[in-house]
Amino acid sequence: MKLEGLVAIITGAGRNIGEDTAMLFAAEGAKVAVVDMDQVAGDRVAAQISAAGGVACGFVANVAIEADVQQLIQNIVAKWGRVDILINNAAITDNKTILDISKEEWDKVLAVTLTGPFLVAKYAAIQMVAQGWGGKIVNVASTSGFFGRPRAIAYTAAKGGVVNLTRSMAVQLGPHNIRVNCVVPNKIGSPVGKQEFDPSRPVLNLRGRTGVPADMAKALLFLVSDDSDFVVGNALFVDGGTSVILPGGA
Ligand SMILES: NC(=O)c1ccc[n+]([C@@H]2O[C@H](COP(=O)([O-])OP(=O)(O)OC[C@H]3O[C@@H](n4cnc5c(N)ncnc54)[C@H](O)[C@@H]3O)[C@@H](O)[C@H]2O)c1
Numbered sequence: 009m010k011l012e013g014l015v016a017i018i019t020g021a022g023r024n025i026g027e028d029t030a031m032l033f034a035a036e037g038a039k040v041a042v043v044d045m046d047q048v049a050g051d052r053v054a055a056q057i058s059a060a061g062g063v064a065c066g067f068v069a070n071v072a073i074e075a076d077v078q079q080l081i082q083n084i085v086a087k088w089g090r091v092d093i094l095i096n097n098a099a100i101t102d103n104k105t106i107l108d109i110s111k112e113e114w115d116k117v118l119a120v121t122l123t124g125p126f127l128v129a130k131y132a133a134i135q136m137v138a139q140g141w142g143g144k145i146v147n148v149a150s151t152s153g154f155f156g157r158p159r160a161i162a163y164t165a166a167k168g169g170v171v172n173l174t175r176s177m178a179v180q181l182g183p184h185n186i187r188v189n190c191v192v193p194n195k196i197g198s199p200v201g202k203q204e205f206d207p208s209r210p211v212l213n214l215r216g217r218t219g220v221p222a223d224m225a226k227a228l229l230f231l232v233s234d235d236s237d238f239v240v241g242n243a244l245f246v247d248g249g250t251s252v253i254l255p256g257g258a
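Taken in order, the sequence shown gives residues 9 to 258; the numbers are from our numbering.
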């Protein structure tokens, strides 16, 4: 088992990518904090892990609210005594353009999708530094953080921020033996913010199939395990090769 004895926090773990990651990390021996603002969803995943013989607990927190995040880290440390791994996975999106998004809609997406990862990383890292032995943090970015899209103006801006937040965190936390990376998914399972898989969602990649949450969970496991010890500040594209295809051909 690759994560024996370690405590892992996964935000937005109540379904989809976060859920599969929580299940895999628990199967690898981690005690998993299943964090979600949807208590029913988080508790369901934690119960599923317990039923499979793993160790997990649901924690309710809104990652955009600083007091929630501070309390969350305190509660996890009170329960398990340490924090070794953070997966910043919770995010929301918009479906707007620069012409029709309101300031309120922009603020909401930025608060959850960019400020959320900043806040959880900040308080988790303070704990990791205090412990003295380091840790691993992986931010879940998106191909939307690298490319322009016809819609999702706030989400694409926030995810671009997540990518460079990752790099600066890697530089600033590296001296504390905290290794920081991000993963870059594209069209995994259901669209962000939706529960249901949409079979009509167009997918163009080099694998000839839709990405599934388990694809992300396995990449995230690599980035938090010692197998990736020399991988730092990286943006690992887990997109079936979508991003190397030039629209319209070469
Ligand atoms: N699904 C995709 O195709 C895709 C593609 C690229 C990137 N991503 C990224 O992967 C991550 C997970 O995506 P997903 O599709 O599994 O998301 P999802 O919408 O299915 O699940 C997100 C979870 O986060 C929780 N959440 C939302 N706001 C929260 C908040 N403020 N505080 C705490 N919890 C909150 C929700 O309750 C939900 O359980 C996101 O960062 C997303 O941007 C996903």
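All C-beta atoms in this analysis are idealised placements derived from N, C-alpha and C, irrespective of residue type, glycine included.
Where DSSP assigns a beta bridge to residue i, which residues make up the other side?
{"i": "residue 84", "result": "Residue 84 is not bridged to any residue."}
{"i": "residue 188", "result": "145"}
{"i": "residue 67", "result": "43"}
{"i": "residue 243", "result": "190"}
{"i": "residue 219", "result": "196"}
{"i": "residue 93", "result": "16, 144"}
Cβ of residue i versus every heavy atom of ligand 1: is any distance shorter than 7 Å?
{"i": "residue 200", "result": "yes"}
{"i": "residue 195", "result": "yes"}
{"i": "residue 25", "result": "yes"}
{"i": "residue 22", "result": "yes"}
{"i": "residue 150", "result": "yes"}
{"i": "residue 100", "result": "yes"}
{"i": "residue 45", "result": "yes"}
{"i": "residue 72", "result": "yes"}
{"i": "residue 124", "result": "yes"}
{"i": "residue 49", "result": "yes"}
{"i": "residue 128", "result": "no"}
{"i": "residue 69", "result": "yes"}
Evaluate residue i with the Cβ neighbour count: other Cβ atoms within 10 Å of its Cβ, from every protein chain shown; 16 or more gives buried, anything less gives exposed.
{"i": "residue 152", "result": "buried"}
{"i": "residue 50", "result": "buried"}
{"i": "residue 66", "result": "buried"}
{"i": "residue 256", "result": "exposed"}
{"i": "residue 27", "result": "buried"}
{"i": "residue 123", "result": "buried"}
Taking 8 Å as the threshold (C-beta atoms), are residue j and residue i in contact?
{"i": "residue 19", "j": "residue 48", "result": "no"}
{"i": "residue 209", "j": "residue 221", "result": "no"}
{"i": "residue 187", "j": "residue 117", "result": "no"}
{"i": "residue 161", "j": "residue 102", "result": "yes"}
{"i": "residue 30", "j": "residue 57", "result": "yes"}
{"i": "residue 128", "j": "residue 96", "result": "yes"}
{"i": "residue 228", "j": "residue 170", "result": "no"}
{"i": "residue 126", "j": "residue 251", "result": "no"}
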